[in-house]
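Visitor: Here it is, the structure, as structure tokens.
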Amino acid sequence: MKAASVQAKTALVTGCSSGIGRAIAFQLRHQGWHVYPTARSEHDLAHLRSHGFQALQLDVLDPSSIQDCVSSLARRCPSGIGALVNNAGIVIPGAVEDLSREDLSKQFEVNVFGLQELTNTLIPTLRHQGWGRIVHISSIFGVLTAPMVGGYCASKYALEALANAQRMELRGSGVALSLIEPGAIRSNLRSNAMKHLQNKLSTKHHFHSEYKQTLKKQTASNQQTGKRMQSPEIVARKVHHAIASNHPKRRYFVTSEAQLGAIASRALPDFLIDRLMQSITP
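Following my numbering, the residues of the sequence shown are numbered contiguously, the last one being 284.
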């Protein structure tokens with residue numbers, strides 16, 4: 003399978019309001035790709051356009067927004083699109099017993115259902131042109147499960163299963179699908195999740211007070227030194243390899259902790275994995 007030609011180096015990147023998505027957009031543009039970043043709010047769209055991007059509005063929770071985005075992209079790129087990078091995501095942390103049906107549903111709607119609907123809407127175009135790249139920004143939490151983010155982990159496990167199946171189904175089509183699995187990356191997604199978890203632990207059951215204390219220590223450490231946090235640019239570089247290489251990997255582990263976590267998930271018994279995850283996560 004050949005990588006997309008120069009004239010088809012066009013990428014749609016979702017969730018570019020900040021963090022990883024924005025880093026991906028800038029990295030791909032730097033590498034010569036014509037990037038269409040997406041965001042939900044007019045404020046974020048205006049910010050992206052101020053940097054010279056042709057930003058598109060997209061809310062993956064809204065099927066009509068998905069259709070409008072794809073239609074707009076087709077008008078701008080009649081010759082086809084080289085890559086789709088699915089980065090949009092949400093984390094609603096909390097103990098599983100504290101998660102409402104709405105909490106679980108929203109994470110699946112954004113992280114799985116909306117992502118897959120957008121992907122499936124674009125796949126006929128990719129199949130017809132006989133080439134293309136699909137990249138899903140997953141997480142090491144699609145391989146390992148941690149306390150207090152069970153809903154998020156569940157959505158990433160679901161995404162990984164769909165991606166693995168679809169990758170095999172696309173065999174011979176010229177379309178490759180890769181998963182990117184970051185560890186701890188500096189982003190608004192993570193910082194917003196930490197704030198949400200702090201609030202939830204302040205108002206919910208006392209049974210999880212030990213996690214609250216761990217969270218306080220970890221948050222203070224992260225704020226002071228940025229320990230365990232990597233730049234989103236390292237994710238962006240992996241994405242570029244996945245869409246530009248003639249032989250993209252099926253799975254990219256980003257950060258050493260993600261690589262070690264993947265090894266641990268295959269090599270260690272469950273009771274040791276439980277101890278490991280309880281010791282390093284809030």
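Here a beta-carbon is modelled for each residue, glycine too, at the ideal position from N, C-alpha and C.
Values in this document were obtained by computation on a predicted structure and should not be read as measured data.
With distances taken between CB atoms, is the gap from residue 75 to residue 63 smaller than 8 Å?
Guide: Contact flag unset, no.
Visitor: On the premise that residue 256 lies in contact with residue 184, defined as a C-beta separation below 8 Å, what is that separation, rounded to the nearest angstrom?
Guide: About 4 Å separates the two Cβ atoms, so the contact holds.
Visitor: Fully enclosed by the segment 77-105, which beta strand (DSSP E) runs are 3 residues long or longer?
Guide: Listed in chain order, they are 85-88.
Visitor: Classify residue 89 as buried or exposed, calling it buried when 16 or more other Cβ atoms lie within 10 Å of its own Cβ.
Guide: Buried, since its Cβ has 16 or more Cβ neighbours within 10 Å.
Visitor: Nearest chain D C-beta to residue 262 closer than 8 Å, yes or no?
Guide: The structure shown contains no chain D; it holds only a single protein chain.
Visitor: How big is the Cα-Cα spacing for residue 97 and residue 148?
Guide: Each residue's Cα considered, the two are about 10 Å apart.
Visitor: When you compare the CB positions of residue 144 and residue 162, do they come within less than 8 Å of one another, or not?
Guide: Yes, these two residues count as a Cβ contact at 8 Å.
Visitor: Got a sec? Which residues, its chain only, sit under 7 Å from residue 226 by beta carbon, not counting five neighbours each side?
Guide: Annotation note: pLDDT 47 at residue 226 (below 50); position unreliable, coordinate value reported separately. Contacts found: none.
Visitor: Would you mind reading off the limits of the alpha helix (DSSP H) that contains residue 63?
Guide: Looking at the DSSP string, residue 63 is not in any alpha helix (DSSP H), and its letter there is neither H nor E.
Visitor: So residue 244 and residue 135 are supposed to be a Cβ contact under 8 Å. How far apart are they, rounded?
Guide: Contact flag correct, Cβ pair sits at about 6 Å.
Visitor: Helix, strand or coil for residue 257, going by three-state DSSP, please let me know.
Guide: Residue 257 falls in the coil class under three-state DSSP.
Visitor: Flag this pair as yes or no: are the beta carbons of residue 180 and residue 137 separated by less than 8 Å?
Guide: Going by C-beta atoms, residue 180 is nearer than 8 Å to residue 137.
Visitor: Identify whether residue 137 lies in helix, strand or coil by the three-state DSSP scheme.
Guide: The answer is strand: DSSP assigns residue 137 an E or B state.
Visitor: Report the option in 124, 114, 275, 17 whose CA atom is closest to the CA atom of residue 177.
Guide: Ranking 124, 114, 275, 17 by Cα distance to residue 177 puts 124 first.
Visitor: Reducing DSSP to helix, strand and coil, say where residue 186 ends up.
Guide: Coil.
Visitor: Going by CA-CA distance only, name the one from 12, 20, 157, 10 that's closest to residue 233.
Guide: When each option's Cα is compared against that of residue 233, the closest is 20.
Visitor: So for residue 36, helix, strand or coil by DSSP?
Guide: In the structure shown, residue 36 sits in a strand (DSSP, three-state: E or B).
Visitor: Decide if residue 55 is buried, meaning its Cβ has at least 16 other Cβ atoms within 10 Å, or exposed.
Guide: So residue 55 counts as buried.
Visitor: DSSP three-state call for residue 320: helix, strand or coil?
Guide: Nothing about residue 320 can be reported from this structure: the residues present for the chain run from 3 to 284 only.
Visitor: Among 186, 182, 271, 264, which residue has its Cα nearest to the Cα of residue 254?
Guide: Comparing Cα-Cα distances from residue 254 to each of 186, 182, 271, 264, the minimum goes to 182.
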